[in-house]
Amino acid sequence: MTRVFAAPALLCATIAFSSFAVAEDFDPDLVKKGARTYDNNCAQCHGDKLVNSGGAAFDLKRLRDDERPRFNNSVLNGKNAMPAWHGIIKDPDLDALWAYIRTNAYP
Ligand code: HEC
Numbered sequence: 265m266t267r268v269f270a271a272p273a274l275l276c277a278t279i280a281f282s283s284f285a286v287a288e289d290f291d292p293d294l295v296k297k298g299a300r301t302y303d304n305n306c307a308q309c310h311g312d313k314l315v316n317s318g319g320a321a322f323d324l325k326r327l328r329d330d331e332r333p334r335f336n337n338s339v340l341n342g343k344n345a346m347p348a349w350h351g352i353i354k355d356p357d358l359d360a361l362w363a364y365i366r367t368n369a370y371p
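Residue 265 is where the sequence shown starts when you use our numbering, and the numbers rise one by one after that.
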């Protein structure tokens, strides 16, 4: 009897899992590095652990998968009250920050 239900249940589980998973899987070490870089440079404005405090700063969890060019441009060149990080945040840090943000982004 249980066999009849096993296959559909597995299929449902697979579908449910894939719709919650982020498009890219990031290396956990890269995500940790991104979290440190974030804590040191971004958290004071963007909120502890990416939790936006409701101030002027953008809620980084809202960044979509295809907004990497926007992310790079805003971080390196700044935007209004957001400082430019060119020369401070290097490419590997940018990758780590992106991995951290995408891993914690809204589904
Ligand atoms: C001094 C405060 C401050 C710090 C520090 C800061 N930000 Fe921001 N950030 C802002 C503000 C304010 C905005 C909203 C800018 C606007 O749209 O007017 C913003 C916006 C952004 C945006 C969205 C810009 C867009 O395209 O609309 C990104 C991405 C971002 N910040 C990333 C970061 C990252 C990554 C760090 C750390 C390296 C960081 N910020 C550090 C204040 C800050």
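Note that the Cβ used here is the ideal one computed from N, Cα and C, for glycine as well.
Give me whichever residues DSSP pairs with residue i in a beta bridge.
{"i": "residue 343", "result": "346"}
Regarding residue i and the ligand HEC, is the C-beta to nearest heavy atom distance less than 7 Å?
{"i": "residue 354", "result": "no"}
{"i": "residue 295", "result": "no"}
{"i": "residue 317", "result": "no"}
{"i": "residue 344", "result": "yes"}
{"i": "residue 327", "result": "yes"}
{"i": "residue 310", "result": "yes"}
{"i": "residue 290", "result": "no"}
{"i": "residue 320", "result": "yes"}
Since residue i and residue j are thought to touch, with beta carbons under 8 Å apart, how far apart are those beta carbons, to the nearest angstrom?
{"i": "residue 321", "j": "residue 364", "result": "No, residue 321 and residue 364 are not in contact; Cβ-Cβ is about 16 Å, not under 8 Å."}
{"i": "residue 314", "j": "residue 324", "result": "6 Å"}
Please state whether DSSP places residue i in a helix, a strand or coil.
{"i": "residue 283", "result": "Residue confidence is low: residue 283 scores 48 on pLDDT, short of 50, so the model does not pin down where it sits. No coordinate-derived value is stated."}
{"i": "residue 306", "result": "coil"}
{"i": "residue 365", "result": "helix"}
{"i": "residue 315", "result": "coil"}
{"i": "residue 333", "result": "helix"}
{"i": "residue 359", "result": "helix"}
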